[in-house]
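Number of protein chains: 4
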Amino acid sequence: MNKKPGMPRKRPKQARSAVTVANILEAAARILESEGSTGYTTNAVARVAGVSIGSLYQYFPTKEVITRELIALSNNALLADIQRIADLTPPKERLAGILDAAVKHQLRRPALARLLDQLESQLPVPPDTEARKILVEIIRVSLTAAGFDRAPEVESLDVIAITKGLVDAAGERGETNQELLSIRVKRAVFGYLRQPD
Amino acid sequence: MNKKPGMPRKRPKQARSAVTVANILEAAARILESEGSTGYTTNAVARVAGVSIGSLYQYFPTKEVITRELIALSNNALLADIQRIADLTPPKERLAGILDAAVKHQLRRPALARLLDQLESQLPVPPDTEARKILVEIIRVSLTAAGFDRAPEVESLDVIAITKGLVDAAGERGETNQELLSIRVKRAVFGYLRQPD
Amino acid sequence: MNKKPGMPRKRPKQARSAVTVANILEAAARILESEGSTGYTTNAVARVAGVSIGSLYQYFPTKEVITRELIALSNNALLADIQRIADLTPPKERLAGILDAAVKHQLRRPALARLLDQLESQLPVPPDTEARKILVEIIRVSLTAAGFDRAPEVESLDVIAITKGLVDAAGERGETNQELLSIRVKRAVFGYLRQPD
Amino acid sequence: MNKKPGMPRKRPKQARSAVTVANILEAAARILESEGSTGYTTNAVARVAGVSIGSLYQYFPTKEVITRELIALSNNALLADIQRIADLTPPKERLAGILDAAVKHQLRRPALARLLDQLESQLPVPPDTEARKILVEIIRVSLTAAGFDRAPEVESLDVIAITKGLVDAAGERGETNQELLSIRVKRAVFGYLRQPD
DNA sequence: TATGAATGAGCCTTCATTCAT
DNA sequence: AATGAATGAAGGCTCATTCAT
Chain A
45 MNKKPGMPRK RPKQARSAVT VANILEAAAR ILESEGSTGY TTNAVARVAG VSIGSLYQYF
105 PTKEVITREL IALSNNALLA DIQRIADLTP PKERLAGILD AAVKHQLRRP ALARLLDQLE
165 SQLPVPPDTE ARKILVEIIR VSLTAAGFDR APEVESLDVI AITKGLVDAA GERGETNQEL
225 LSIRVKRAVF GYLRQPD
Chain B
45 MNKKPGMPRK RPKQARSAVT VANILEAAAR ILESEGSTGY TTNAVARVAG VSIGSLYQYF
105 PTKEVITREL IALSNNALLA DIQRIADLTP PKERLAGILD AAVKHQLRRP ALARLLDQLE
165 SQLPVPPDTE ARKILVEIIR VSLTAAGFDR APEVESLDVI AITKGLVDAA GERGETNQEL
225 LSIRVKRAVF GYLRQPD
Chain C
45 MNKKPGMPRK RPKQARSAVT VANILEAAAR ILESEGSTGY TTNAVARVAG VSIGSLYQYF
105 PTKEVITREL IALSNNALLA DIQRIADLTP PKERLAGILD AAVKHQLRRP ALARLLDQLE
165 SQLPVPPDTE ARKILVEIIR VSLTAAGFDR APEVESLDVI AITKGLVDAA GERGETNQEL
225 LSIRVKRAVF GYLRQPD
Chain D
45 MNKKPGMPRK RPKQARSAVT VANILEAAAR ILESEGSTGY TTNAVARVAG VSIGSLYQYF
105 PTKEVITREL IALSNNALLA DIQRIADLTP PKERLAGILD AAVKHQLRRP ALARLLDQLE
165 SQLPVPPDTE ARKILVEIIR VSLTAAGFDR APEVESLDVI AITKGLVDAA GERGETNQEL
225 LSIRVKRAVF GYLRQPD
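Protein sequences appear in the order of chains A, B, C and D. In this text, residue positions in the first sequence follow this note's numbering: the first is 45, and each later residue adds one. In this text, residue positions in the second sequence follow this note's numbering: the first is 45, and each later residue adds one. In this text, residue positions in the third sequence follow this note's numbering: the first is 45, and each later residue adds one. In this text, residue positions in the fourth sequence follow this note's numbering: the first is 45, and each later residue adds one.
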């Protein structure tokens, strides 16, 4: 009936429901971190969440919806951080602040972040691109504000790509020092931006 | 007995079988490109390869082995290209040549390349890292040869990460112009390398 | 995780499931009787049990576990009978009573009994020998109690072997008269025990 | 076409063929001994026999035929031994001689003997009972010749059953001392025969 | 005639999802 | 609303047998 990709089946209206939803999502996240996509089973999620499989399906009509929520949660958290920084930092330091935030974000749960990226790319219908568009836009504006106005459209995408590349690779080899990684990410991004053609 | 991850079950002794093996691998690649991991089924691979499922299993004892073979093939092709360039190009232009080769490689079958990366990260036992080590080593040497001797170990990894980040992102959004992408990758990499701390 | 040979996956908590488990085991038994090992398929068992294949696997993680359970059930039933008789019968008649029980047991479902023996000998890991040990011990004690103390260890094994030999052969040729068979088994066993070297 | 149970596809007419047939049968026997029914595969048999699978099927139209040949071979060997003994031994010692021969036979390749019994019982169509009938007849005659004329028909079957029971059990627990086993078998058989009702 | 590549029915098992209680 | 038993499509893989070379 309403089996198309979509929002969670019901919006939690009571405190208990909100908790249940949160439990389910956190359980999914933990499973992904500990077992990878292999162990990511609706039954496993329900079990770890301390909920019956029936209840799980009362809140999420589809496994895919759980995945989408997880992705959205992660994206929104990052976006909020970045948004806040963009609002509070003077133009010239803004990009650096954003990069710091991105590194910090990805390093919180590196395995999870990588897996969510994978799952996202496997979704039949690419998810709500809204968050992504906003992110790109914030970067673009920050670039311009900092005087990098050579080709902000492309460069904002590249900045994201470079950052993701470095951060993912770091996560994969278990690097966890935020400081050092942050420095190198900034070097790569600003190097790219300042480099003449 | 011989069920450990490893090489194909049977080394083709007749022309016919060599063709079959090639067909199977190509079929697997095509399915990954067209359907993604979802459609990547041994039965589907066999069907697309124009082979019976039994034949497939005569050459590959496990689906995982097909995946590994696909990964190895891709890695080796890239490595061969890079190796050749490293041997033929003067030190100062070497890194640029390698980057060009990498971009070219990834752009040949962008979707496939990305999926293989994913599948590789999902393998129970990480595959033969030999190829990767050689790649890193070649980059490291090229860095030193070009005078980038600040921290070759880390920087060689970062060069790879930056390149992969940019190239994957390009592939994801369907960018196919090798020229333009190559330029930006080089800008990113050399920018990173030249940027003072 | 819990994939080692062992007990059923889930202890039935509701009446419904207890019935389902029983149905599955009885279905397995019936199939073995009517089709032999050839038709003994998890799908067939599920079908005959009037259960979906998924349900079957909710209670038995492996086909092997079904087999083990079947064997254990049969062994335990026999053992219980024998135990009871051993407890209630005066020493001199004890062995005869046990032999009667054994004949009766094997003749209830002769084909099944024979197939379970076969399946048992094919199990990768020989099953819980506990039941067998108890059986041997009971026989041994009964022998001694009846004054057969020549070599109780060996003779108890031989008593079992003789009985099984006769009973299996009878089952194979369709002999079903418990009385007659019982008499001959006792003749064989007591003849063996009384015969001088 | 002629896919019904039957004789080997072609009677070996040349020395080479006879050797091949023998190789195949011996390979089958060895596999059964070393791997049990699990490893008993036509391809495995061919490999161990040093013959291509195609050749195997040239001599045996069906796996079942291989099994039948194996069973027949074993039966005939035993029968020949027994026949010879029956012909050479005076009536009163005849039965004892036969039992010795039976024990000896079963102890030559105990695992194989047991597996062949199993396979025989699994055959869709019970095999050529000729050998069995002759065996029973020989025993029956020996019984009568030795003065055991209470009920030779039934007793001959029971003698066989008792012997098989003891010998199989011995084989299963690894007993290999022919002497000792032979003594116990004779004790059981003669005990049974001499025991009054 | 020998070879071995090819075939495909069928087996065991998983897991997203439904539904009776 | 919660529970968890039940469902069944689908996937990986085996092995007896066939057939082109």
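Backbone N, C-alpha and C define an ideal beta-carbon position, used for all residues, glycine too.
The continuous alpha helix (DSSP H) containing E164(A) extends over residues P154 to Q166. A Cβ-Cβ distance of about 24 Å is found for the pair S99(D) and L160(D), leaving them out of contact under the 8 Å criterion.
In the displayed model, F234(B) falls within a helix according to three-state DSSP. For Y84(C), the closest Cβ of chain D is not nearer than 7 Å. Exposed is the label assigned to D193(C), since fewer than 16 other Cβ atoms lie within 10 Å of its Cβ. In this structure, the alpha-carbon of E181(C) lies about 52 Å from that of V109(B). Chain B has a Cβ within less than 7 Å of the Cβ of D202(A). For D125(D), the enclosing alpha helix (DSSP H) begins and ends at K107 to L132. The beta-carbon distance between L132(D) and A175(D), rounded to whole angstroms, is 20 Å. This is too long to meet the 8 Å contact definition. Its Cα nearest to that of S186(D), the residue P134(D) stands out among D212(D), S165(D), P134(D) and T106(D). Close to K148(B), with beta-carbon spacing below 7 Å, lies no residue of chain A; the smallest spacing is near 18 Å. For the region 185–213 of chain B, the set of residues with a beta-carbon nearer than 8 Å to any beta-carbon of chain A comprises V198, L201, D202, I204, A205, I206, T207, K208, G209, L210, D212 and A213, in chain order. Taking C-beta atoms under 8 Å as the contact rule, A71(A) and V89(A) qualify, at a distance of about 5 Å.
For I115(D) against E164(D), the beta-carbon gap comes to about 5 Å, under 8 Å, which counts as contact. Judged by DSSP in its simplified three-state form, E216(D) adopts helix. Bounds of any alpha helix (DSSP H) do not take in V95(C), whose DSSP letter is neither H nor E. Excluding its 5 nearest sequence neighbours in each direction, A145(B) has C-beta neighbours in its own chain below 7 Å: D125, I126 and I129, listed in chain order.
Contact between the region 218–235 of chain B and the region 212–227 of chain A is absent: fewer than 3 CB-CB pairs across the two stretches fall below 8 Å.
If you ignore the 5 residues before and after I97(C), its C-beta comes within less than 8 Å of the C-beta of T86, N87 and A90, all in its own chain and listed in chain order. In the three-state reduction of the DSSP assignment, R194(C) falls in the coil class. Taking C-alpha positions only, R152(A) is separated from R74(A) by approximately 13 Å. G80, S81 and T82: these are the residues of the region 67–100 of chain B whose beta carbon lies less than 8 Å from some beta carbon of chain A, given in chain order.
Minimum Cα-Cα distance from G94(A) among the listed residues N120(A), V63(A), T82(A) and L76(A) corresponds to V63(A). Its Cα nearest to that of T207(A), the residue V147(A) stands out among Y103(A), V147(A), R112(A) and E113(A).
Leaving aside the five residues that flank E197(B) on each side, the residues in its chain whose CB is nearer than 8 Å to its CB run, in chain order, R184.
For R153(A), the closest Cβ of chain B is not nearer than 7 Å. As the crow flies, the alpha-carbon of P171(B) is around 7 Å from that of R112(B). Cβ atoms of R238(A) and L210(A) stay farther apart than 8 Å, at about 17 Å. Identification of chain A residues near A232(B) by a Cβ-Cβ cut-off of 8 Å yields D202, I206, A232, G235, Y236 and Q239, ordered along the chain. The beta carbon of L139(C) sits closer than 6 Å to those of S186 and A190, all from its chain and outside the five residues before and after it, given in chain order. Comparing alpha-carbon positions, the option among L201(A), R231(A), K230(A) and A213(A) lying closest to A213(B) turns out to be L201(A). Each of L224(A), V233(A), R231(A) and A157(A) was checked against the Cα of S81(A), and the nearest Cα belongs to A157(A). Inter-residue distance for G215(B) and A155(B) is about 7 Å (C-alpha atoms, whole angstroms). Distance check between K107(B) and each of N120(B), P240(B) and G83(B) places G83(B) closest, using alpha-carbon atoms only.
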